[in-house]
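Engineer:
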């Protein structure tokens with residue numbers, strides 16, 4: 001049976017790609033939409049570039065572009081991100097994220113809170129051409145890429161800002177808040193794995209580091225990935241050291257750090273191609289472990305021996321009799337299939353293997369997660 005034919009109840013795992021209106025924008029338009037990158041509208045950090053909201057309205061219409069340039073966005077739209085100032089939005093990698101608004105049809109700048117909410121990631125580059133096609137990154141489980149702006153030294157990506165909550169907020173919210181059900185957790189995991197599986201088909205990791213903050217969840221528990229990289233040159237080796245949360249990192253990252261210290265002269269050649277997608281599989285396994293246990297990857301306030309979630313849980317995962325010790329206590333009174341829980345535990349164990357070649361592909365991870373999800377309805 002083909003993946004698209006697998007019957008999934010209440011999960012967004014079958015889809016038809018929507019008609020997109022991405023285009024290349026002029027820098028002047030982005031500057032207008034962000035009030036010249038106003039620092040008051042910084043909403044976080046993104047992959048090697050600041051990110052801002054955009055504000056665009058119906059005041060003007062973009063000139064027609066050739067079909068191959070439909071994702072190009074003007075500099076005025078980038079400028080609508082208000083001088084690159086503002087509140088924290090994300091902290092997955094270097095750079096800030098800025099907010100703004102654009103007209104839903106024309107992508108021209110408008111006043112605050114009018115039109116389509118957007119955010120901008122801006123990075124410095126040394127090329128005037130793109131080695132990838134932004135339109136190839138449209139997928140229901142990815143935050144929608146509306147366009148880009150490329151000038152002599154900067155590349156800005158413009159994304160739709162959607163009403164949503166990050167997975168870490170749902171899992172680790174204030175005490176007393178409603179816990180995510182088993183079905184909701186699996187639906188989120190399936191959606192996230194769909195997005196990563198799609199990105200991994202590009203042949204390179206999508207993140208310098210993948211963790212729960214990378215997953216946005218709407219009110220129907222549909223997952224979308226944010227802050228992903230569209231080109232392997234942006235997942236640079238150096239970025240693995242920037243504000244890296246070591247608890248999500250694959251073992252090969254630690255080997256790289258050791259080589260940097262003890263073999264500085266040869267490390268650049270040894271890691272010339274950076275890390276592969278299997279390193280990201282490890283990080284995704286850590287996220288799945290957080291979903292299963294309801295525990296943060298590290299918490300010094302937990303009992304001795306349980307502070308490091310991966311170190312504590314890894315020996316327990318392969319054994320069915322241990323699932324009750326690992327699973328989130330709030331799920332004990334919430335219907336979940338024991339078989340599905342053990343399948344998820346085994347999958348996590350496989351993702352957390354010490355060597356890359358023993359970890360599954362993201363496509364295999366997706367298949368198993370779908371089985372875990374449907375087990376709820378088959379049991």
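In full-length UniProt numbering, the protein residues as written are 1 to 379. Where is the CB? At the ideal position from N, CA and C, for every residue including glycine.
Just to confirm my understanding: we take residue 344, look at its own chain, exclude 5 residues before and 5 after, and list those with CB closer than 6 Å. What are they?
Structural biologist: If we look at residue 344 and ignore the five residues flanking it on each side, its Cβ neighbours are 292, 372.
Engineer: Could you say if the region 246–261 and the region 162–169 meet the contact criterion of at least three C-beta pairs nearer than 8 Å?
Structural biologist: Cβ pair count under 8 Å is below three, so no.
Engineer: What is the DSSP secondary structure of residue 118, reduced to helix, strand or coil?
Structural biologist: It is a strand residue.
Engineer: With DSSP collapsed to three states, give me the class of residue 220.
Structural biologist: Correct three-state label for residue 220: coil.
Engineer: Please name the residue in 103, 121, 323, 108 whose C-alpha comes closest to that of residue 115.
Structural biologist: The shortest Cα separation from residue 115 among 103, 121, 323, 108 belongs to 103.
Engineer: If distances are taken between C-alpha atoms only, which option among 99, 208, 299, 374 comes closest to residue 160?
Structural biologist: Taking only the C-alpha atoms, the option nearest residue 160 is 99.
Engineer: Which residues does DSSP list as the beta-bridge partners of residue 160?
Structural biologist: Answer is 118.
Engineer: Do residue 285 and residue 351 have their CB atoms nearer than 7 Å?
Structural biologist: Taking 7 Å as the Cβ cut-off, residue 285 and residue 351 qualify as a contacting pair.
Engineer: Start and end of the beta strand (DSSP E) containing residue 149?
Structural biologist: Residue 149 -> beta strand (DSSP E) spans 145–150.
Engineer: Per DSSP, which one or two residues make a beta bridge with residue 165?
Structural biologist: Bridge partners of residue 165: 217.
Engineer: Can you tell me the Cα-Cα spacing of residue 183 and residue 223, whole angstroms?
Structural biologist: Cα to Cα, the separation comes out at about 13 Å.
Engineer: Below 6 Å CB to CB, which residues in the same chain sit around residue 320 once its five sequence neighbours on both sides are set aside?
Structural biologist: Closer than 6 Å at Cβ, skipping near neighbours: 342.
Engineer: When the Cα atoms are used, what is the spatial distance from residue 376 to residue 336?
Structural biologist: If you take the alpha carbons of residue 376 and residue 336, they lie about 6 Å apart.
Engineer: Determine which residues share a DSSP beta bridge with residue 308 and list them.
Structural biologist: Note: residue 308 sits in a beta bridge opposite 298.
Engineer: For the alpha helix (DSSP H) that contains residue 109, what are its first and last residues?
Structural biologist: Taken as a continuous stretch (DSSP letters only), residue 109 belongs to no alpha helix (DSSP H), as it is neither H nor E.
Engineer: Output the boundary residues of the alpha helix (DSSP H) element that contains residue 278.
Structural biologist: Here the alpha helix (DSSP H) through residue 278 covers 277–293.
Engineer: Just curious, the alpha helix (DSSP H) that residue 140 is in, first and last residue?
Structural biologist: Neither: residue 140 is in no alpha helix (DSSP H) and is coded neither H nor E.
Engineer: From the DSSP output, in three-state form, read off residue 11 for me.
Structural biologist: In this prediction, residue 11 has a pLDDT of 38, which is less than 50 and means its spatial position is unreliable; what the coordinates show is noted afterwards. Three-state result, residue 11: coil.
Engineer: Using only the alpha-carbon positions, how far apart do residue 178 and residue 330 sit?
Structural biologist: The straight-line gap from Cα to Cα measures roughly 9 Å.
Engineer: What would DSSP say about residue 186, mapped onto helix, strand or coil?
Structural biologist: Of the three classes helix, strand and coil, the one that applies to residue 186 here is helix, per DSSP.
Engineer: Do you know offhand how far residue 279's Cα is from residue 310's?
Structural biologist: One C-alpha to the other measures close to 15 Å.
Engineer: Please name the residue in 339, 290, 275 whose C-alpha comes closest to that of residue 207.
Structural biologist: The candidate whose alpha carbon is nearest that of residue 207 is 275.
Engineer: With DSSP collapsed to three states, give me the class of residue 94.
Structural biologist: Because the pLDDT of residue 94 is 44, which lies under 50, any placement of that residue in the model is unreliable, and the number read from its coordinates should be weighed accordingly. Note: residue 94 maps to coil in three-state DSSP.
Engineer: Round the Cβ separation of residue 145 and residue 138 to the nearest angstrom and send it over; I've been treating them as touching at under 8 Å.
Structural biologist: Confirmed, Cβ separation roughly 7 Å.
Engineer: Quick check on residue 327: buried or exposed, where buried means 16 or more other Cβ atoms within 10 Å of its Cβ?
Structural biologist: It is buried - the Cβ of residue 327 has at least 16 other Cβ atoms within 10 Å.
Engineer: Around the C-beta of residue 246, are 16 or more other C-beta atoms found within 10 angstroms, so that it is buried, or is it exposed?
Structural biologist: When all chains shown are included, residue 246 counts as exposed.
Engineer: Just checking: is the beta-carbon of residue 120 within a distance shorter than 7 Å of some beta-carbon in chain B?
Structural biologist: Looking for chain B here will not work: only one protein chain is present.
Engineer: Using the Cα positions of residue 163 and residue 322, report the straight-line distance between them to the nearest angstrom.
Structural biologist: Rounded to the nearest angstrom, the two C-alpha atoms are 38 Å apart.
Engineer: Nearest-angstrom Cα distance between residue 355 and residue 347?
Structural biologist: Spanning the two alpha carbons is a distance of roughly 15 Å.
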